[in-house]
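K.L.:
Take a look at the following structure, please.
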Amino acid sequence: MIKKFLIIAGLTAFAGLSAQKTHIVVKGDNPYNIAKRYGMTVDDLVKLNPSSKDGKVSIGDVLVINKSANNTAATPVKSTSTAAKLGKIILKPKQTIYGITKQFQISESELRALNPNLDSNMKIGDEVILPLVNIQKFGGDQQEVAVVTETVKPVVQAEPTKTSEVVVADENSYIVQSKDNYFKLARKFNLNQKELFALNPGLEEKGLQPGDVIQIKGNSAPTKTEPKATVVSQPTSTQTYSTTSVLDDYVTYTVQEGDTVFGLLNKFGITLDELLSLNQNLSQGLKSGMVLKIKKLETAYVKKSGDALNVVLMLPFGFDSGDSKYRNLSLDFLAGAKLAIERNVKSGKNLEIKVIDAGNEKSFKNSLTQINPANTDLIIGPFFKSSVLEVLDYVKASKIPVVAPFANSDDLLGHQNLIIIETNDYIYADRIVKEVKDAFSDQKIYIVADADQTYAKYLETNLKMNIKNANVVVVKSASDIQPDQNMMTGKPAPVIAVLANKSDDAGDSFGNRMIALSKEVDGLKSFSMYYSPIFEKKVDELSQSNLVYLMDRKIDTEGTFEKEILADYQKKYCKSPSKYAVIGFDVVNDMLSRENKKGEIFKQMNKVQTQLATKFEFEKTKTGAYVNKGYRVVRLIPN
Numbered sequence: 004m005i006k007k008f009l010i011i012a013g014l015t016a017f018a019g020l021s022a023q024k025t026h027i028v029v030k031g032d033n034p035y036n037i038a039k040r041y042g043m044t045v046d047d048l049v050k051l052n053p054s055s056k057d058g059k060v061s062i063g064d065v066l067v068i069n070k071s072a073n074n075t076a077a078t079p080v081k082s083t084s085t086a087a088k089l090g091k092i093i094l095k096p097k098q099t100i101y102g103i104t105k106q107f108q109i110s111e112s113e114l115r116a117l118n119p120n121l122d123s124n125m126k127i128g129d130e131v132i133l134p135l136v137n138i139q140k141f142g143g144d145q146q147e148v149a150v151v152t153e154t155v156k157p158v159v160q161a162e163p164t165k166t167s168e169v170v171v172a173d174e175n176s177y178i179v180q181s182k183d184n185y186f187k188l189a190r191k192f193n194l195n196q197k198e199l200f201a202l203n204p205g206l207e208e209k210g211l212q213p214g215d216v217i218q219i220k221g222n223s224a225p226t227k228t229e230p231k232a233t234v235v236s237q238p239t240s241t242q243t244y245s246t247t248s249v250l251d252d253y254v255t256y257t258v259q260e261g262d263t264v265f266g267l268l269n270k271f272g273i274t275l276d277e278l279l280s281l282n283q284n285l286s287q288g289l290k291s292g293m294v295l296k297i298k299k300l301e302t303a304y305v306k307k308s309g310d311a312l313n314v315v316l317m318l319p320f321g322f323d324s325g326d327s328k329y330r331n332l333s334l335d336f337l338a339g340a341k342l343a344i345e346r347n348v349k350s351g352k353n354l355e356i357k358v359i360d361a362g363n364e365k366s367f368k369n370s371l372t373q374i375n376p377a378n379t380d381l382i383i384g385p386f387f388k389s390s391v392l393e394v395l396d397y398v399k400a401s402k403i404p405v406v407a408p409f410a411n412s413d414d415l416l417g418h419q420n421l422i423i424i425e426t427n428d429y430i431y432a433d434r435i436v437k438e439v440k441d442a443f444s445d446q447k448i449y450i451v452a453d454a455d456q457t458y459a460k461y462l463e464t465n466l467k468m469n470i471k472n473a474n475v476v477v478v479k480s481a482s483d484i485q486p487d488q489n490m491m492t493g494k495p496a497p498v499i500a501v502l503a504n505k506s507d508d509a510g511d512s513f514g515n516r517m518i519a520l521s522k523e524v525d526g527l528k529s530f531s532m533y534y535s536p537i538f539e540k541k542v543d544e545l546s547q548s549n550l551v552y553l554m555d556r557k558i559d560t561e562g563t564f565e566k567e568i569l570a571d572y573q574k575k576y577c578k579s580p581s582k583y584a585v586i587g588f589d590v591v592n593d594m595l596s597r598e599n600k601k602g603e604i605f606k607q608m609n610k611v612q613t614q615l616a617t618k619f620e621f622e623k624t625k626t627g628a629y630v631n632k633g634y635r636v637v638r639l640i641p642n
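Here our numbering is used: the first residue of the sequence shown is 4, the next is one more, and so on.
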């Protein structure tokens, strides 16, 4: 049983300048609690302080208050500066807020106090005000362009508060921290996910909550042995919970580091009154880890009468149309689906399954007549986008949940009863940016593009935004990756190489080039947005290039669950599952496991689950559809 452990934190300090009817922002402040403290509305506060309109008040900001400040609870404060001459600099290419604070030895709060309209989208040529002495001391060739006659506003900082030490109840317990997730805890305490849930009944449903005490040792936890594999399959955050989810008929959001109230209003397109009416606890301020109700869901699907869950599978066998192009794919998908259905029936689910031949795109409308909206609770398929749109239109009155196993495009996102399985390539690109940023140490970065260069250009833009002074080169072929010579040693300099082309031929070329370069260049780092067969054929050679690549699916052959499913499939069909049999099992097993007797699948979409090969981490888009953001990260470790 999870015990609730209360950590006593020090009280946040407040400071006000009553004589001037002002308030100096300290740690923990936000527009809402400042307004409440002085008996005013947030709108009034914003009108008096236009620079705080985006909700990004910073420590040290001096806000105008329209009522006398109540200083009875104020904590003594120290002024870190009184008055000084100011100067201006002209922004140069690639200068950022972070870079300016580091170069000129000034805190971000001081910088923003001097430049209220400063934001992350600064333009080259803009003027930035800084203390004159800092410009003269640290400016180098970027000296002041003008001296400002005004004096620096006092930057006031509260005395540091003390937070009580986090105490572990005993050697078998651990207190959950705000940034913890299941993957991190599993690695830290040598546990797997099932062992952690076995030690903590109810944890899977509730999720990790900062301050909770969980058991990390016990008789029920068997010893885990680490597999000695060269290939490490690393999910990004196994069995964690996505930031946006559905709970008790509301869309909910878990507050992240750096979130602001006004940022959330913009993110979800809601008003402050709507947010406050659903979240009374916001009166205590916005805190990382808080779960906020964002808005009430529209009327969702209501299950038809009867105890059985009626499921329709729409697969393009092509018998009716005489088109056998996708028949083998559909048969394989169905084989995996049958295994998933049998497992769910054994676990106690009452299922009625109907398989419909979806023909091809031209003959699809004939298949729709086989769906009875009055007696259908879930539709899995069809495969093609045009067919998915037709199904959605056909069932729009009844709002039956529809699962698209392969279709994923922007024109599908406006349907609230749609579940999209395929992960968008931009999510892969974002992960590659993070991986490259973590590995970067002043190497030249090569990106191997495909014909239209869409993702290569996206990677290039985001790498330059996230890495200071990044030297990024987009090339057409892996053969164009040529390391420079190190001026000091005369040896080839290490590079970072990224593959943004999903064709197998490009993968072969990239893999072979990485193998060749790893023999002549030390410290080579390589990354790929996509899987290529050569990555598994030449694991040992490619591991020398520290290759990291992403996959939509990968089977952990050492996993207990995975071994069980593979054995069941072998027993049933006398062969190993094909790619589409794996997809069929994963999609159907995941969807059925989220269903309850009332057919309320959308209430379970916040759970992150990994099936035989696929990680399912759904996020509800602004426009309505649920999109899977799950993928696997595979690292090849040098011998």
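Each residue gets a CB set at the ideal place from its N, CA and C atoms; glycine is no exception.
Under 6 Å Cβ to Cβ from ASN592, same chain only, skipping five residues before and after it: list those, please.
P.N.:
Counted from its first residue, the sequence shown places residue 592 at position 589. Only ALA343 and GLN614 meet the Cβ criterion.
K.L.:
Kindly indicate if chain D contains any beta-carbon less than 8 Å away from that of ASN203.
P.N.:
The structure shown contains no chain D; it holds only a single protein chain.
K.L.:
If you compare alpha carbons, which of ASN474, GLN446 and MET517 is closest to SER480?
P.N.:
Locating residue 480 in the sequence shown gives position 477, counting from the first residue. Of ASN474, GLN446 and MET517, the residue nearest in Cα terms is MET517.
K.L.:
Measure the Cβ-Cβ separation of ASP310 and LYS625 and say whether it is below 8 Å.
P.N.:
As a working note, residue 310 is residue 307 in the sequence shown. As a working note, residue 625 is residue 622 in the sequence shown. No, these two residues do not count as a Cβ contact at 8 Å.
K.L.:
Do the CB positions of LEU553 and ARG434 come within less than 8 Å of each other?
P.N.:
Along the sequence shown, read from residue 1 onward, the residue named residue 553 stands at position 550. Along the sequence shown, read from residue 1 onward, the residue named residue 434 stands at position 431. Contact: yes.
K.L.:
Does the distance from the CB of GLN488 to the CB of ALA500 come in under 8 Å?
P.N.:
The residue labelled residue 488 in the question sits at position 485 within the sequence shown. The residue labelled residue 500 in the question sits at position 497 within the sequence shown. Contact flag unset, no.
K.L.:
Given this structure, state the Cα-to-Cα distance separating GLU622 from PHE605, to the nearest angstrom.
P.N.:
On the sequence shown, residue 622 is found 619 positions in, with the first residue counted as 1. On the sequence shown, residue 605 is found 602 positions in, with the first residue counted as 1. Between GLU622 and PHE605, the C-alpha separation is close to 11 Å.
K.L.:
Can you check DSSP and say which residues form a bridge with SER176?
P.N.:
Counting from 1 along the sequence shown, the entry for residue 176 is found at position 173. Bridge partners of SER176: GLN218.
K.L.:
Using only alpha-carbon positions, find the residue among ASN411, ALA410, LEU421 and PHE409 that is nearest to TYR397.
P.N.:
Locating residue 397 in the sequence shown gives position 394, counting from the first residue. Checked all of ASN411, ALA410, LEU421 and PHE409; the closest Cα to TYR397 is LEU421.
K.L.:
Please classify ASP589: is it buried, with 16 or more other beta-carbons within 10 angstroms of its beta-carbon, or exposed?
P.N.:
On the sequence shown, position 586 is the one that residue 589 refers to. Buried: at least 16 other Cβ atoms inside 10 Å.
K.L.:
By DSSP's criteria, PRO644 is part of a beta bridge. Which residues make up the other side?
P.N.:
This structure leaves residue 644 out entirely; the chain is present only between 4 and 642.
K.L.:
PHE621 lies in the alpha helix (DSSP H); which residues open and close that run?
P.N.:
Numbered from its first residue, the sequence shown carries residue 621 at position 618. PHE621 -> not in any alpha helix (DSSP H); beta strand (DSSP E) instead, spanning 621-623.
K.L.:
Would you kindly work out how many angstroms separate the C-alpha atoms of GLN218 and LEU202, rounded to a whole number?
P.N.:
Within the sequence shown, numbered from 1, the residue matching residue 218 stands at position 215. Within the sequence shown, numbered from 1, the residue matching residue 202 stands at position 199. Cα to Cα, GLN218 sits roughly 6 Å from LEU202.
K.L.:
What three-state label does DSSP hand ASN631 in the structure shown?
P.N.:
Residue numbering aside, residue 631 sits at position 628 when the sequence shown is read from its first letter. Here ASN631 sits in strand by DSSP.
K.L.:
According to the neighbour-count rule (16 or more other Cβ atoms, all chains shown, within 10 Å of its Cβ), is VAL67 buried or exposed?
P.N.:
Start at 1 with the first residue of the sequence shown, and residue 67 comes out as number 64. Exposed: under 16 other Cβ atoms inside 10 Å.
K.L.:
Considering only residues of the same chain and omitting the five flanking positions on each side of VAL478, which have a CB-CB separation below 8 Å?
P.N.:
Working through the sequence shown from its first residue, we reach residue 478 at position 475. Counting only Cβ-Cβ distances below 8 Å, and skipping sequence neighbours, we find TYR449, ILE450, VAL451, ALA452 and ILE484.
K.L.:
Tell whether a beta-carbon distance below 8 Å holds between GLY510 and LEU520.
P.N.:
Translated into positions along the sequence shown, residue 510 becomes position 507. Translated into positions along the sequence shown, residue 520 becomes position 517. Cβ atoms of GLY510 and LEU520: not closer than 8 Å.
K.L.:
Beta carbon of GLU598, beta carbon of LEU381: below 8 Å?
P.N.:
If you number the sequence shown from 1, residue 598 lands on position 595. If you number the sequence shown from 1, residue 381 lands on position 378. In contact: GLU598 and LEU381 (Cβ atoms closer than 8 Å).
K.L.:
Could you check if PHE320 is buried or exposed, using at least 16 other CB atoms within 10 Å of its CB as the buried criterion?
P.N.:
In the sequence shown, residue 320 corresponds to position 317, counting from 1. Flag for PHE320 reads buried.
K.L.:
Can you have a look at MET532 and say buried or exposed, based on whether 16 or more other CB atoms are within 10 angstroms of its CB?
P.N.:
Taking the first residue of the sequence shown as position 1, residue 532 is located at position 529. With 16 or more other Cβ atoms within 10 Å, it is buried.
K.L.:
Leaving out the 5 sequence neighbours to the left and right, which residues in its chain are closer than 6 Å to PRO641 when beta-carbon positions are compared?
P.N.:
The residue labelled residue 641 in the question sits at position 638 within the sequence shown. So the list reads SER546 and GLN547, once near-sequence residues are dropped.
K.L.:
Count the C-beta pairs between the stretch 320-335 and the stretch 354-366 that are closer than 8 Å, then say yes if the count reaches three, no if not.
P.N.:
Enough Cβ pairs lie closer than 8 Å, so yes.
K.L.:
Can you tell me whether VAL439 is helix, strand or coil according to DSSP?
P.N.:
Here residue 439 refers to the residue found at position 436 when the sequence shown is read from its first residue. If DSSP states are grouped into helix, strand and coil, VAL439 belongs with the helices.
K.L.:
Given a cut-off of 8 Å, decide if ALA410 and ALA584 are closer than it, judged by their beta-carbon atoms.
P.N.:
Taking the first residue of the sequence shown as 1, we reach residue 584 at position 581. Taking the first residue of the sequence shown as 1, we reach residue 410 at position 407. Taking 8 Å as the Cβ cut-off, ALA584 and ALA410 do not qualify as a contacting pair.
K.L.:
Can you look up LEU416 in the DSSP assignment and give me helix, strand or coil?
P.N.:
By 1-based counting over the sequence shown, the position of residue 416 is 413. Residue state, collapsed to three classes: coil.
K.L.:
Decide if PRO134 is buried, meaning its Cβ has at least 16 other Cβ atoms within 10 Å, or exposed.
P.N.:
If you number the sequence shown from 1, residue 134 lands on position 131. So PRO134 ends up on the buried side.
K.L.:
For GLN488, name the three-state secondary structure that DSSP assigns.
P.N.:
In the sequence shown, residue 488 corresponds to position 485, counting from 1. DSSP places GLN488 in strand when its eight states are reduced to three.
K.L.:
Using 10 angstroms around the beta-carbon of SER529, count the other beta-carbons present and answer buried if the total reaches 16, otherwise exposed.
P.N.:
Your numbering for residue 529 matches position 526 in the sequence shown. Buried, since its Cβ has 16 or more Cβ neighbours within 10 Å.
K.L.:
For TYR629, count neighbouring Cβ atoms within 10 angstroms of its own Cβ and tell me buried if that reaches 16, exposed if not.
P.N.:
Position 626 of the sequence shown, counting from 1, holds the residue named residue 629. With 16 or more other Cβ atoms within 10 Å, it is buried.
K.L.:
So, are the CB atoms of LYS296 and TYR253 less than 8 Å apart?
P.N.:
Taking the first residue of the sequence shown as 1, we reach residue 296 at position 293. Taking the first residue of the sequence shown as 1, we reach residue 253 at position 250. Result yes, Cβ atoms of LYS296 and TYR253 sit closer than 8 Å.
K.L.:
Return the chain-ordered list of same chain residues with a C-beta closer than 6 Å to the C-beta of ILE537, the five sequence neighbours on each side being excluded.
P.N.:
Start at 1 with the first residue of the sequence shown, and residue 537 comes out as number 534. Around ILE537: GLY510, ASP511 and GLY514.
K.L.:
With DSSP as the reference, label ILE422 as helix, strand or coil.
P.N.:
For the purposes of this step, residue 422 is taken as the residue at position 419 of the sequence shown. Reduced to three states, the DSSP call for ILE422 is strand.
K.L.:
DSSP state of TYR304, grouped into three classes?
P.N.:
Working through the sequence shown from its first residue, we reach residue 304 at position 301. Note: TYR304 maps to coil in three-state DSSP.
K.L.:
Nearest to LYS494 by alpha carbon, out of LYS505, LYS50 and GLU523?
P.N.:
Working through the sequence shown from its first residue, we reach residue 494 at position 491. Here the closest residue by C-alpha is GLU523.
K.L.:
Please list the terminal residues of the continuous beta strand (DSSP E) segment that includes LYS447.
P.N.:
Position 444 of the sequence shown, counted from the start, is the residue given in the question as residue 447. Element bounds for LYS447: 447-452.
K.L.:
Whose C-alpha, out of PRO204, ASP215, SER366 and GLY142, is nearest the C-alpha of TYR177?
P.N.:
The residue you call residue 177 lines up with position 174 of the sequence shown. Per the Cα distances, ASP215.
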